[in-house]
Amino acid sequence: MPPFGASKKRRRELANVNTQLVEIYEDLASEKDEIRLKAAQALVSQFTPDKNASDELIKKALQRLFRGLCSSRKAARIGFSIALTEILTQVFSAKREDSDVSVAGVMGIWESQSSSSGSESGQEQRDHVFGRLFGAEAIIKSSILFKPQVPFTEWTKLLDLVFGLANKKPWIREECGWIIYRCVYELSTQKAEAKFVESALERLCSNDLARTPEGVSVWLAAKDLFPQVNFPSKVWKHDDPLDAKERSKLAKVMKESSAVDPEEEKQGKPKSSGVWNSKLHFAWDAVLARLAVPTKSKGSRLGFADFWVEVVDNGLFASSSSDERKYWGFLLFVKVINECPPEQASLVFTKNLVGCLTNQLAVEDRFLHRMAVKATKALQTRVSKEPAFAAASINGLPANFDQITKTKTVEKMAVEANADALRQIVPRLERLIASPDTTDVKAAASSRQFLAGLLLSIVRSRASASDADDAQDVLEQILFTFVRFAYFSAADDAKSGAQPPLTQQTQELFRSRINSCLNSLIAQQKYATDLPYAVVRKIRDGAKSGEYGKFIIDMDETLRESVKSAFKSLKKLFSMDKKEDGGIDAFKLLYSMTILQVYNGDADAVSMLEELDFCFSKIFSDKKSKKEEKSDATDALVEILLSFAAKQSQLFRRMSEQVFGVFADKVTENGLDSLISILEAKESLAGQQEMFDQQDEEGDENMMDVDVDADSDDSDVEVVEAASGSDASGSDDDSSNDSSNEEDPEVAIFEAKLAAALGTRRGDEDLAAADDDSGSDSDMTDSAMEQLDNQLVKVFQARRDANNHKKDKKDARGNMVNFKNRVLDLLDIYVKKCHTKVLALDLLLPLLRLTRRSSVKQVSDKAAAVVREFAKLCKGTAAVPRVDELDPVWDLLRSVHAEASHSGPAAHAAAASQASLLLVKVVAASDRQALGGVVDVYGETRKNQLLSRKSHVQPSFFTDWNNWCVSASKQKE
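Just so we're aligned: 370 in full-length UniProt numbering is position 370 of the sequence shown, and the numbers increase by one with no gaps anywhere.
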């Protein structure tokens, strides 16, 4: 037992001596930065001058650290390198008397510990190579080689070992070059002697590494930081790799990066690395940094543009370059876009690069597609951060880039561009519209369509922009571009001579784009009046001057006089003080849009101009106009707005709403009746004819009329269901078979007429009779054949007319539904502005009827929404219309209750209840004692619900009334 105990005690003492160092060296290899740094600090603290560590301890530590650099375990190289650098600095920072630890000894330890015997495995040999490299870096960073008492041969020894390693192991050549490159900067900060740099340059050349990316970077660093050194001769002209005369050699060096041709290897050139690196060589950073700084050297140094074209575009992106080199090119492109100033970044859109970017982006399965996507995202990111860069980006890409690549790269950048960038972009787009890069008419039309869409996107983005950047001049230029190509047919010598000439469809497209642009612009108050006026003025001036060619719109003398008069009125409006009347801007917009309609060939626009002149003279010009005359003018204005609202255009819808909002409080009973009459019109061809004073000789008997009489109680549900295509009654199998076999009456009539013309019978009739009655075609004379042809023409003409009539009916229904939607939008505006007016009460009953009668759910719901908004706004006695006489209110209340008794959609029942309670509030606000009469009206409605089968009042109608009564009684208390 005692011997065992003694042995155990001795081992414990040995462990106590080594445990701390073992843990420190273990932590130096940790993957966590905090642990590594803490371990390095603990180790270095043992070798500070005040600790006076022994030579033996120092040598052991250095051996252990240099050996640790050759380890591939975890992050050993990083931790051991840090500790080694700091220990070397501490050991040689103070004079140590009688110490045999020298720089030569350190170099010996480094060389011996990082040497491989050749019997190791491939991985072990790689570890020793990296260990030697990290050791050299630690020695350089410690600066022990640059002290005055250190022999210069130690520096040259390190250079020989590093450059020898670069030649022996080409796959690590870049890392070797990086160490020497950073060493030049280290020597500069220490103000070391030039001989250190000169020796590095000499060995760079002697090892045939001067014309490599590593050699270029070291050379450039030396030239910038040590201009007084003697550079090796006959390497670069003017001792500058960036000299203009060296562009071809530089391109070859940078293109190869880590590879050279086999012929050059035979001539002693650097060997290929054999490994492709997906990261950019650090030499590109060194070169770009020098190109970014103006130089005062005597030599003619390359400019960035020349460098990019020669080295990158004609080098990396040459047609013969491999995908790997193009990959580097894309990395370089992204780097410049992300990091370089706009003066340089704007120069990278060169021919080969842009062509490669376009091709790779167009097809997803191409090798460099992902890199192309990354490049375009870099562009978009820079433009979003720096909107002014949009000009260089868009102008640098082909006009049809988005079309070819099927992306929205150009469009996304265009909408991010600021006003300054757009001032450069828009002129180029205009030139491309005039002269697309094609002579094919269809291809040119497609390109122009895309460019028109791009300009429209720009307008929409600027119209909704919240910044204070004034872009009105840009918006005008875009609109004028559309005007130039939409309304003029250029002669050969005209300013706008477009080649190939614009087709009629393209000109119609441009006119449509003008409307779309104005639709976005008039929503903004600052653009609502000036830009529409600028458009029509530009059309007028272009027609007068002929600078863009022949005006394509035919205008007679009467039409020209009407337009001339309208421009005179516009001139007066612009000279008037806006404070005089809030309707000045509205009239400017109205005049401008009406003139635009004239230029677009609208036949009704001329009469609208005359009505506008009447309104203008009565509302603004004639101060002595009677009240009745101004009312007539307002009524005429409503009719004009309805004319605009009837058009299938969002622009005219928005314009009519804006103008109506200004004059809503001036609308008279007649004007309101004009709106109501549209709500009560039938949603059919007959309704359209009634509205627009059309005549139809054939009538409209076959059209489903959903606007039934208000007294036809039970039929309402059936009519709505029939209009929506539902089958309310159901049928058995036999009836369904009969209906499926039932022929279209029009088809039967057509077949009968055709049979009569041919003198035959239908196939399902008696064939024998047909054979007896009809003769052979060969027995017919020429005159008989001619007569038969005429009969057939009449039959097919009648068939075509019938089909056209069906289409007319369908179109008419769509027009009326659209028209009613527009009118409901106007009434919604009226209710919001004039809900306290007694006149607004006239809307309740028509809106309720429309909610019930319309076969279109959208119209029904919108009408109910207007009633709901009306009732919502009338909260409190101050917000309710005040009447002088209650008799009309009683009549209206009873009519609303009668309307509530009809069967209709759910929205109808809710709207009827809201309308009824609104009228109750009117009665309460005028005479609270009269509420007893309201109770009687509700009681009579309740009685009818109980006794009449025709009454379809919903329970919620009385529930809402009860709730209101409870609320009103509490307010009374």
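Where is the CB? At the ideal position from N, CA and C, for every residue including glycine.
So residue i is in the alpha helix (DSSP H); what residue range does that whole segment cover?
{"i": "Asn359", "result": "Lys351 to Ala362"}
{"i": "Pro881", "result": "Premise fails: Pro881 is in no alpha helix (DSSP H) and is neither H nor E."}
{"i": "Ile139", "result": "Gly122 to Ser142"}
{"i": "Cys205", "result": "Ala194 to Ser206"}
{"i": "Gly177", "result": "Arg173 to Thr189"}
{"i": "residue 1005", "result": "Given a span of 1 to 973 for the chain in the structure shown, any question on residue 1005 remains unanswerable."}
{"i": "Tyr591", "result": "Ile584 to Tyr599"}
{"i": "Ile552", "result": "Element bounds for Ile552: n/a, residue is neither H nor E."}
{"i": "Pro888", "result": "Asp887 to Ala900"}
{"i": "Phe450", "result": "Val441 to Ala463"}
{"i": "Val312", "result": "No alpha helix (DSSP H) contains Val312, which DSSP labels as neither H nor E."}
{"i": "Tyr527", "result": "Counting along the chain, Tyr527 falls outside any alpha helix (DSSP H), and DSSP gives it neither H nor E."}
{"i": "Cys470", "result": "In the sequence as presented, Cys is not what sits at residue 470; that position holds Asp. Taken as a continuous stretch (DSSP letters only), Asp470 belongs to no alpha helix (DSSP H), as it is neither H nor E."}
{"i": "Pro905", "result": "Neither: Pro905 is in no alpha helix (DSSP H) and is coded neither H nor E."}
{"i": "Ile394", "result": "Ala390 to Gly396"}
{"i": "Met254", "result": "Arg247 to Glu256"}
Mind checking whether residue i and residue j have CB atoms under 9 angstroms apart?
{"i": "Ile514", "j": "Leu637", "result": "no"}
{"i": "Glu246", "j": "Glu214", "result": "no"}
{"i": "Gly904", "j": "His952", "result": "yes"}
{"i": "Asn818", "j": "Gln648", "result": "yes"}
{"i": "Thr189", "j": "Ile144", "result": "no"}
{"i": "Leu455", "j": "Phe480", "result": "no"}
{"i": "Ser30", "j": "Lys95", "result": "no"}
{"i": "Leu225", "j": "Ala138", "result": "no"}
{"i": "Val334", "j": "Lys374", "result": "yes"}
{"i": "Ala864", "j": "Asp828", "result": "no"}
{"i": "Arg325", "j": "Lys249", "result": "no"}
{"i": "Ile78", "j": "Arg132", "result": "no"}
{"i": "Asp632", "j": "Lys837", "result": "no"}
{"i": "Phe644", "j": "Gly583", "result": "no"}
{"i": "Ala180", "j": "Leu161", "result": "Before going on, a small fix: residue 180 reads as Ile here, not Ala. Their beta carbons are not under 9 angstroms apart, which means Ile180 does not touch Leu161 by this criterion."}
{"i": "Phe304", "j": "Leu347", "result": "yes"}
{"i": "Tyr487", "j": "Ile433", "result": "no"}
{"i": "Ser569", "j": "Leu612", "result": "yes"}
{"i": "Asn600", "j": "Arg511", "result": "yes"}
{"i": "Val823", "j": "Arg882", "result": "no"}
{"i": "Ala362", "j": "Ile404", "result": "yes"}
{"i": "Gln954", "j": "Ser913", "result": "yes"}
{"i": "Ser948", "j": "Ser901", "result": "yes"}
{"i": "Leu651", "j": "Ile522", "result": "yes"}
How many whole angstroms separate the CB atoms of residue i and residue j, which I take to be in contact at a CB cut-off of 8 angstroms?
{"i": "Val896", "j": "Leu845", "result": "7 angstroms"}
{"i": "Phe958", "j": "Leu918", "result": "That belief does not hold up - the Cβ atoms of Phe958 and Leu918 are roughly 16 angstroms apart, past 8 angstroms."}
{"i": "residue 1002", "j": "Met608", "result": "With the chain covering only 1 through 973, there is no way to say anything about residue 1002."}
{"i": "Phe660", "j": "Leu641", "result": "5 angstroms"}
{"i": "Leu451", "j": "Ala399", "result": "7 angstroms"}
{"i": "Ala911", "j": "Thr851", "result": "5 angstroms"}
{"i": "Ser393", "j": "Met413", "result": "5 angstroms"}
{"i": "Val216", "j": "Pro241", "result": "5 angstroms"}
{"i": "Val336", "j": "Ala345", "result": "6 angstroms"}
{"i": "residue 978", "j": "Ile458", "result": "The chain is shown only over 1 to 973; residue 978 falls outside these bounds and no answer can be derived."}
Counting only beta-carbon atoms, is residue i nearer than 9 angstroms to chain C?
{"i": "Arg852", "result": "The structure shown contains no chain C; it is built from a single protein chain."}
| query | Along the chain, which unbroken stretches of the beta strand (DSSP E) at least 3 residues long are found entirely within the segment 476-520? | reply | DSSP runs (the beta strand (DSSP E)) wholly in the segment 476-520: none.
| Quick one: complete alpha helix (DSSP H) runs, 4+ long, within the segment 21-104? | With a minimum length of 4 residues, the continuous alpha helix (DSSP H) runs that stay inside the segment 21-104 are 33-44, 55-68 and 76-91.
| Between the segment 458-473 and the segment 522-532, are three or more C-beta pairs nearer than 8 angstroms? | Taking 8 angstroms as the limit for Cβ pairs, the verdict is that the segment 522-532 does touch the segment 458-473.
| Can at least three beta-carbon pairs, one atom from the segment 111-123 and one from the segment 165-172, be found at a separation below 8 angstroms? | Under the Cβ criterion (8 angstroms, minimum of three pairs), the segment 111-123 does not count as touching the segment 165-172.
| How do the segment 225-241 and the segment 278-285 stand: do at least 3 beta-carbon pairs fall below 8 angstroms, yes or no? | Short answer: they don't touch.
| task | Entirely within the segment 399-427 and at least 4 residues each: give me those alpha helix (DSSP H) ranges in chain order. | result | Secondary structure remark: continuous alpha helix (DSSP H) runs of at least 4 residues inside the segment 399-427, in chain order: 401-405 and 409-416.
| task | Count the CB pairs spanning the segment 79-88 and the segment 121-140 that are closer than 8 angstroms, and state whether there are at least three. | result | These segments touch.
| message | Quick check: the segment 496-506 against the segment 558-577, are at least 3 beta-carbon pairs closer than 8 angstroms? | response | Because the criterion of three Cβ pairs below 8 angstroms is not met, the segment 558-577 and the segment 496-506 do not touch.
| Any contact of the segment 435-444 with the segment 415-422, i.e. 3+ C-beta pairs under 8 angstroms? | No, they do not touch.
| query | Which whole runs of the alpha helix (DSSP H) in the segment 628-684 are 4 residues long or more, in chain order? | reply | For the segment 628-684, whole alpha helix (DSSP H) runs of length 4 or above, ordered along the chain, are 650-663 and 669-680.
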